[in-house]
Structure formats: C-alpha cells, structure tokens
Amino acid sequence: MSNTIRVLLFITLLGMFDSCSPSKRITTITSSSYDKNKNITTYIVLPYGSVYIPGKWTETRYNSSSRQQYFKKDSATLSVAIGPAAKIEFNKQGLKGYPLVKGFYEWESQYQVNQLHLQVELLKKDSVTGYYMWRVHSGKVNTFQLFAGVDCNCATGGGYKTLTLTATGMTNEVLANLLETIYLQKLK
C-alpha cells in the first residue's frame, strides 16, 4: 500500500471517528498536490470534497473568512472554496443541493449588482450535475464563477463548492470551459 493511500485512509478514519462525536463541530483537513504523471493539481478539503484542476497550478494565499484557497498559473487566478452549506451567510433555512445553488446565485448576484455595481450574466444552470455558472464583469473586471451544492459524508447535511476564475489573454469561452472542466473533472 502506497504512503499516499495510507495517509488518505488514516485521514478518512480520523474524520469518521471525529464526526461520530456528539459535538456539531467538524474538523477539516486540507491538502493540495500536483501529480506530474496525470498532470493534475488536486485540492482536498475533508470531509467536504475535492477538485482536480488540469495542469500544474501553484497554491498561493488562503482567505479564511471566505474559505477560498487561491491558485495561480500563468495569467490565471483560480480560487476554490469547499465547505459546509450551513456556514454560508444567507443560508438560514438550511438549504442544500440544487435549492442551495439557486439561492446562492440569487444572493451573490444581487450583491455583485447592487453593492459592487458589476454586471452579472448567467451562463449556465445545470440541475443534473447541480451547478450555476455566471460571468461578473465591468471595465477591467472579468470573472467567472461556478457554484455547486455537493453531498458529503459529514454531520452538517450538505456542502458546497465555489470556483472563481480570472485571467488575461484568454477568451470568455476558454475561461467558461476551463471552469466547467475543473468542476466536472474526476480523478482517473
């Protein structure tokens, strides 16, 4: 058994025992790594989920209030946030799954339009894989966001993934396709 598998097994068991405690507090373990053979950068937040990013991306800063881990590759900046749906500010009703996705988009796009005075363009709603993708733009701002509700083996009842991508020198179509590829990518 490889060391990577042993470590992941240990972390999984640790998470299972911790989630059995009567406390509602969830311990998270994060990891990011690059697999040269598969040319994939992996970012994991146990027990909530993971993303597999094509290519080699460099981990940069972390924003603890938004749970966003930032990655950089050439002129592109990607942020990934994975966490419990119950911790999202607007989610007082305990939404999860696709209703969470719809609610988050409405809340976030209203904030972006009304407070930040940006334009929001909804690009895709996918109820099968459970995400919304939109573009936020104005002047020099050109950002693509994808938000998804995810199932997780955790006591909180549901999680989320949000991906945000900005880059110069890439068309809007390339940026949207990259963001969707990152979300839909499974480790092979």
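Plus 428 on top of the position in the sequence shown (first one is 1) and you've got my numbering.
Using N, Cα and C, we set each Cβ at its ideal position, and we do this for glycine too.
Can you tell me whether residue i is buried or exposed? The criterion is at least 16 other CB atoms within 10 Å of its CB, across all chains shown.
i	result
I540	Note that residue 540 corresponds to Gln in the displayed sequence, not to Ile. By the 10 Å Cβ count, Q540 comes out buried.
L415	Examination of residue 415 is not possible in this model, given that the chain is present from 429 through 616 alone.
G597	exposed
L574	buried
T592	buried
T557	exposed
T599	exposed
T590	buried
K524	buried
Quick check: the Cα distance between residue i and residue j, rounded to an integer number of angstroms?
i	j	result
D463	L550	33 angstroms
L546	S566	5 angstroms
I410	S503	What the structure shows of the chain is the stretch from 429 to 616, and residue 410 is not part of that stretch, so it cannot be assessed.
I516	K466	33 angstroms
V479	G522	24 angstroms
A576	S507	14 angstroms
V578	T505	23 angstroms
I454	Y476	10 angstroms
N605	R489	24 angstroms
R495	A509	5 angstroms
Y533	K552	11 angstroms
Q613	N491	24 angstroms
T469	W485	6 angstroms
A595	K568	11 angstroms
A513	K501	29 angstroms
T610	G483	The displayed chain sequence assigns Ile, not Thr, to residue 610. Spanning the two alpha carbons is a distance of roughly 10 angstroms.
I457	W535	28 angstroms
N542	K520	21 angstroms
F499	Y471	10 angstroms
Y559	V548	16 angstroms
Out of the options, which has the shortest C-alpha to C-alpha gap to residue i?
i	options	result
S493	V479, G511, G522, E487	G511
T571	G577, D579, V578, M561	M561
L473	V602, S461, L603	Note that residue 473 corresponds to Val in the displayed sequence, not to Leu. Nearest C-alpha to V473: S461.
V602	G558, R563, Q538, T590	R563
Q538	T456, V556, F518	F518
E608	K568, D554, A595	D554
Q497	K568, V548, S459	S459
Would the region 586 to 597 count as touching the region 521 to 533 if we require 3 or more Cβ pairs under 8 angstroms?
yes
What residue ranges within the region 519 to 593 form continuous alpha helix (DSSP H) runs of no fewer than 4 residues, ordered along the chain?
525 to 542
In chain order, which alpha helix (DSSP H) runs of at least 4 residues are fully inside the region 455 to 511?
none
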